[in-house]
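A short worksheet on the structure shown next.
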Amino acid sequence: MILWTHNLCKELGLHSKKTILYDDNQAAIAVITANAGDYKVKGIDLKYHKIRDYVGRDEFAIKYCPSEEMIADISSKPLGPTQFKKLRPLLNVMPVPPAGEAQAKQDEA
Numbered sequence: 026m027i028l029w030t031h032n033l034c035k036e037l038g039l040h041s042k043k044t045i046l047y048d049d050n051q052a053a054i055a056v057i058t059a060n061a062g063d064y065k066v067k068g069i070d071l072k073y074h075k076i077r078d079y080v081g082r083d084e085f086a087i088k089y090c091p092s093e094e095m096i097a098d099i100s101s102k103p104l105g106p107t108q109f110k111k112l113r114p115l116l117n118v119m120p121v122p123p124a125g126e127a128q129a130k131q132d133e134a
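Taking the numbering used here, I'd label the letters of the sequence shown as residues 26 to 134.
Here is the structure:
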């Protein structure tokens with residue numbers, strides 16, 4: 026999705042800042058940002074080589090983000106209640122009030 030959006034902006038002549046990709050996998054970051062020959066990553070899908078190209082051209086940057094702070098995990102991984110409650114405000118999503126509380130607010134209005 027990021028590649029598509031990046032290319033669309035280019036086609037429309039829109040200049041954008043460098044795209045920053047956050048990853049919690051330090052091994053993946055090392056593979057993508059390494060200047061080593063491709064022989065070490067032969068078995069990797071072509072889309073990862075494309076990302077390496079963007080990083081090499083300084084259009085993308087890869088930064089480490091610990092799993093505990095990875096907002097994207099809220100929609101892609103099963104989280105426990107503590108981690109979910111920690112990440113939920115970062116999405117500007119409010120908790121659903123209990124049924125009785127919601128009904129009382131409707132009655133007041």
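Backbone N, C-alpha and C define an ideal beta-carbon position, used for all residues, glycine too.
The beta strand (DSSP E) enclosing residue i, as first and last residue numbers
| i | result |
| --- | --- |
| Gly46 | According to the sequence shown, residue 46 is Leu rather than Gly. Counting along the chain, the beta strand (DSSP E) containing Leu46 begins and ends at 44 to 48. |
| Ile27 | Run containing Ile27: none in the beta strand (DSSP E); it sits in the alpha helix (DSSP H), 27 to 36. |
Cβ-Cβ distance between residue i and residue j below 9 Å
| i | j | result |
| --- | --- | --- |
| Asp48 | Asp98 | no |
| Lys88 | Ile45 | yes |
| Ala93 | His31 | The question names Ala, yet the displayed sequence has Glu at residue 93. Not in contact: Glu93 and His31 (Cβ atoms no closer than 9 Å). |
| Leu104 | Leu112 | yes |
Collapsed DSSP secondary structure at residue i in the structure displayed
| i | result |
| --- | --- |
| Ile96 | coil |
| Ile102 | For the sequence presented, residue 102 should be read as Lys rather than Ile. Lys102: coil per DSSP, three-state reduction. |
| Ala59 | coil |
| Tyr64 | Low local confidence applies: a pLDDT of 47 at Tyr64 is under 50, so the model's placement there is unreliable, with the coordinate-based value given in what follows. In this structure, Tyr64 counts as helix in the three-state DSSP scheme. |
Cβ neighbours of residue i in the same chain (closer than 7 Å, five flanking residues each side left out)
| i | result |
| --- | --- |
| Ser41 | Cys34 |
| Ile96 | Leu112, Leu115, Leu116 |
Own chain residues within Cβ distance below 8 Å of residue i, not counting five before or after
| i | result |
| --- | --- |
| Tyr64 | Bear in mind that a pLDDT of 47 at Tyr64, under 50, signals an unreliable position, so the number given afterwards is only what the model happens to contain. Answer for Tyr64: no residue qualifies. |
| Gln51 | Tyr89 |
Cut-off 6 Å between Cβ atoms - residues of its own chain near residue i, not counting five sequence neighbours on either side
| i | result |
| --- | --- |
| Pro123 | none |
Is the region 71 to 85 in contact with the region 107 to 120, if contact means three or more CB pairs nearer than 8 Å? no
Contact between the region 51 to 59 and the region 35 to 42 is defined here as three or more beta-carbon pairs at a separation below 8 Å; is this criterion met? no
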